[in-house]
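The sequence shown begins at 8 in this note's numbering and counts up one residue at a time.
Glycine included, each C-beta is placed from N, C-alpha and C at the ideal position.
Below is one structure; the comments refer to it alone.
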Amino acid sequence: MKRKRPDSPVAATHSKRQSNQSPQSNPNNTCRFIRSITQYGILKSIASHLFPKDLHALAASSRAAYRAVFPRKESRKSLLSQMSCDGTGIRIRNCYHRKSKFFAKYNCQEFAVCATQDKDRIVECSPCASCGLNTCNECRVHCVYQSIYQPAEEDDELADYSGFTLLNGSEMRILSPEHLGIDGTESWKWKLGVPTQSHHDQGILDIPLECDRYAEAEPVEGILDADLGSNQLKGTGSSDSPHPSPIIQAFWNITEERKRMFCKQCFDSTWRTASTEQCHCTLRKRFLDRWLCLKCYERENKLINEYPHGAKVGMHPSSCPCGKPPFANATVHTVCLWCKGEIST
């Protein structure tokens, strides 16, 4: 059997060079579309017509596409902030909000439409402070979401408004300044039977439409700006009204859930630092001064509810990190999980 003659060094080197030239390493073999979206202007124009899930699907189609769409870490946030709102907030609201029995009975109208689908109004959009997704004013979190109207039947009558608090399911009546005889409220008036804009986080909040408990109406502004670090959330109603009233019930729940109680030893070792300050949170600071999408709102609330340390207000089985109920100690410190400050008790 003859021994085969080995290839010459020149031939071996030439073969090795050819094998190293893969299609991906040759720019001329890259898909023309991939080459085009490496230009940021073209990619930005395409992204403006897509929803975030579409952009991520494009990036996941291949390694080359991913490198073209997200060449740098900051590229993702930049592109997502310029895309159209995808309507997630409206879909989340539809899972929670339930219109009352009066909606169909009195021919009410609902105007809860994502800005991407609303062709009749100009709706503000801004990136979510948490995830960076471009979110319209209808899909972000609102403390009072006014979305339902009952048109006036006569010229001398006023239209009625209603809506929802946070993601609470009960439809609540919302009084406009006109209902209280306050003039100069042109922004609340209708034109041709259609509201010119929604009045989120405004007006005077009344009881749920299907509620049989009495409570005095509460100015929304007073609820939003109440200092939650010095007192529990209270309404302005009389002492005869139930507490918390059905008007502030949803706000009461979420503001109480943020509290955790610790014994003095655990507070001093875990929370007290030179920078520990008194809590001065308000609902406005937490939910309105930050432009927050409803998906991130749900995520933040879940994290707070599942926070494992400290005792929840009114729940004695919980304990400090030391394993002992804080109630056994004469001094109890209450911490706000929103700002990490101390709450006066």
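If you draw a straight line from the Cα of Ala111 to the Cα of Pro59, it is about 36 Å long. In this structure, Ile41 is the residue among Leu299, Leu344, Ser137 and Ile41 with its C-alpha nearest to the C-alpha of Ser68. When DSSP reads this structure, Cys132 sits in a beta bridge with Cys143. Between Glu349 and Thr262, the C-beta spacing is not below 9 Å. The C-alpha of Arg265 lies about 27 Å from the C-alpha of Asn141. One thing to note: Thr95 has its Cβ within 9 Å of the Cβ of Leu301. Around the C-beta of Glu225, 16 or more other C-beta atoms lie within 10 Å, and the residue is accordingly described as buried. By the criterion of a C-beta distance shorter than 7 Å, Ser237 is surrounded in its chain by Ser351, once the five residues flanking it on both sides are discounted. Beta-bridge partners of Tyr168 (DSSP): Tyr156 and Ile181. Look at Lys266 here: in three-state DSSP terms it is strand. Take the alpha-carbon of Gln239 and the one of Ala72: they are about 53 Å apart.
When the Cα atoms are used, Arg100 and Val148 turn out to be separated by approximately 10 Å. In its chain, beyond the 5 residues on either side, Tyr156 have a beta carbon closer than 6 Å to the beta carbon of Gln116. Contact between Leu216 and Ile230 does not hold, since the beta-carbon distance rounds to 19 Å and is not under 8 Å. Annotated three-state conformation of Thr341 is strand, per DSSP. Looking only at Asp162, Cys346 and Asn312, the smallest Cα-Cα distance to Cys286 is reached by Cys346. With 16 or more other Cβ atoms inside 10 Å of its own Cβ, Cys327 counts as buried. Note that the C-beta distance between Tyr168 and Ile189 is not below 9 Å. For the pair Met268 and Val227, the CB atoms are not nearer than the 9 Å cut-off. Val342 is not a Cβ neighbour of Lys271, given a cutoff of 9 Å.
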